[in-house]
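> Under my numbering, the letters of the sequence shown match residues 4 to 366, in that order. For glycine and all other residues, C-beta sits at the position ideal for the given N, C-alpha and C. The structure displayed is predicted, hence computed values, not measured ones. Here it is: the structure, laid out below.
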Amino acid sequence: MNRRVIPLNELSAVPAFSSAPGAPRGYVVDRLARPLRDLRISVTDRCNFRCMYCMPRTVFGRDYPFLPHNALLTFEEIERVARLFVAQGVEKIRLTGGEPLLRKHLERLVERLAALRTSDARALDLTLTTNGALLARKARALKDAGLTRVTVSLDALDDTLFKRMNDADFPISSVLDGIEAAHAAGLGPLKINMVVKRGTNDSEIVPMARHFRGSGAVLRFIEYMDVGCTNGWNMAEVLPSADVIDRINTHWPLVPLDAHYPGETAQRWRYVDGAGEIGVISSVTRAFCSSCTRIRLSTEGKAYLCLFANTGHDLRALLRDGVTDEQISDAIARLWRAREDRYSQLRGQAAGGPRVEMSYIGG
Ligand SMILES: C[S@@+](CC[C@H](N)C(=O)[O-])C[C@H]1O[C@@H](n2cnc3c(N)ncnc32)[C@H](O)[C@@H]1O
Ligand code: SF4
4 MNRRVIPLNE LSAVPAFSSA PGAPRGYVVD RLARPLRDLR ISVTDRCNFR CMYCMPRTVF
64 GRDYPFLPHN ALLTFEEIER VARLFVAQGV EKIRLTGGEP LLRKHLERLV ERLAALRTSD
124 ARALDLTLTT NGALLARKAR ALKDAGLTRV TVSLDALDDT LFKRMNDADF PISSVLDGIE
184 AAHAAGLGPL KINMVVKRGT NDSEIVPMAR HFRGSGAVLR FIEYMDVGCT NGWNMAEVLP
244 SADVIDRINT HWPLVPLDAH YPGETAQRWR YVDGAGEIGV ISSVTRAFCS SCTRIRLSTE
304 GKAYLCLFAN TGHDLRALLR DGVTDEQISD AIARLWRARE DRYSQLRGQA AGGPRVEMSY
364 IGG
């Protein structure tokens, strides 16, 4: 387990605010000129699944030292720090984990975050990534609390394969019911994320495309990534997104679409016959670091500047040490302005070393 932390005072040499000409106060950019726009908040490091590529049961077993409750940021702390991130330019917040729906009364946090406004008084794009198993029960309350959309992870439609991949005996019906409930509650347009592992579930690419074509949901294929240190990743199990597109294209012709906005992680494709669109997230074969505007807040309040980082920056210490909002804002700005992470671009050249687990930092 790697949870190395850098005290924020080590960053004191970096100026707090951008001096970019004409940039409004609060507009902060990193060393590669990337603005801070997205905040991903992990609300728990626990999960009811044991996906082999994320929390293999051999590592995350009965004795695994998950965080004690008092280590987790409270909803008040999350709201406060989120508000300060929004003041620095964040426009989109995604709740994740672990499995975020395991966090008790999550809708109360959603309600607090939904009330935040950007500096020009806009509501945030407030979303959640879930494995879907508890979604049927929670979708309505989440919508009522102000959640904008959900993304559901789903790696197979075949029940046996799905159970093998989640390694917790959850049937596919639990997730499909969750997707249905989210749709009915108005949490769409839904995104469905499928991690593709060559030789494990690539046979499900076409059945998944068939199932979600014409449903209004956007199916997105994610290349299997070398996050963390426990999933035994190797390049031979990565199926490049280009192959995914080829396989679907032979059944239903596709044409590329423009990105919705600069920095969109997925490349978009449209079915020529009008049955909707799909996306591919090619973080291994086509890194998108140059437009990465994301920061991640771990369950215990450490900020990570990259999914592949090996060190976090302790914001919880500041939140619990009685420092002012302004001091925390300055710390966030310094942190971002010192950022030069671009792991995926450098993959293979970058110095190795332990990386934080996806279930801890949030996907
Ligand atoms: C860590 S999960 C957390 C949220 C929730 N439990 C879920 O599964 O949607 C977030 C996303 O990360 C993806 N993920 C986890 N490990 C991955 C890996 N090694 N490569 C690519 N995606 C991964 C999951 O499939 C999921 O879509
Ligand atoms: S991918 Fe999500 S559902 Fe699967 S083990 Fe990781 S946190 Fe849990």
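Quick one: Cα of residue 319 to Cα of residue 303, how far?
C-alpha separation (whole angstroms): 7 Å.
> As an exercise, report each continuous alpha helix (DSSP H) stretch of at least 4 residues that is fully enclosed by the region 146-180, in chain order.
Listed in chain order, the complete alpha helix (DSSP H) runs (minimum 4 residues) inside the region 146-180 are 162-169.
> From residue 53 to residue 70, what does the alpha carbon distance come to, in whole angstroms?
So the two alpha carbons sit approximately 17 Å from each other.
> Does the distance from the C-beta atom of residue 142 to that of residue 185 stay below 8 Å?
Yes; because the gap between Cβ atoms is below 8 Å, this pair is in contact.
> Taking 8 Å as the cut-off, decide whether the C-beta atoms of residue 362 and residue 101 are in contact.
Contact flag set, yes.
> Alpha carbon to alpha carbon, how far is residue 42 from residue 30?
Taking the straight line joining both Cα atoms gives about 15 Å.
> Under a Cβ-count criterion, where at least 16 other Cβ atoms within 10 Å of its own Cβ denotes burial, should residue 107 be classed as buried or exposed?
Exposed, by the Cβ-count rule.
> If you run the structure through DSSP and keep just helix, strand and coil, what is residue 63?
Three-state result, residue 63: coil.
> Near ligand 2, which residues have their beta-carbon less than 7 Å from any of its heavy atoms, given in chain order?
Counting every residue whose Cβ lies closer than 7 Å to a heavy atom of ligand 2, we get 50, 52, 53, 54, 57, 58, 100, 101, 102, 134, 156, 169, 361, 362, 366.
> Residue 196: buried (16+ other C-beta within 10 angstroms of its C-beta) or exposed?
Label assigned to residue 196: buried.
> Residue 230: beta carbon under 7 Å from a heavy atom of ligand 1?
For ligand 1, at least one heavy atom lies less than 7 Å from the Cβ of residue 230.
> Sort 129, 310, 267, 242 by Cα distance to residue 282 and report the nearest one.
Nearest of 129, 310, 267, 242 to residue 282, Cα basis: 267.
> Residue 135 and residue 164: beta carbons closer than 8 Å?
No, the Cβ-Cβ distance between residue 135 and residue 164 is not below 8 Å.
> As a quick exercise: from 209, 56, 35, 84, pick the residue whose alpha carbon is nearest that of residue 246.
Checking every option, the nearest Cα to that of residue 246 belongs to 209.
> Is it buried or exposed for residue 97, if we count other Cβ within 10 angstroms and need 16 for buried?
Counting Cβ neighbours within 10 Å, residue 97 comes out buried, since at least 16 surround it.
> Between residue 85 and residue 299, what straight-line distance do the alpha-carbon atoms span, to the nearest angstrom?
Rounded to whole angstroms, residue 85 to residue 299 spans 11 Å at the Cα level.
> Between the C-alpha atoms of residue 76 and residue 99, what's the straight-line distance to the nearest angstrom?
Approximately 14 Å, taken between the alpha carbons.
> Label residue 349 either buried or exposed according to how many other C-beta atoms from any shown protein chain fall within 10 Å of its C-beta, with 16 as the threshold for buried.
Exposed, by the Cβ-count rule.
> For residue 328, name the three-state secondary structure that DSSP assigns.
If DSSP states are grouped into helix, strand and coil, residue 328 belongs with the helices.
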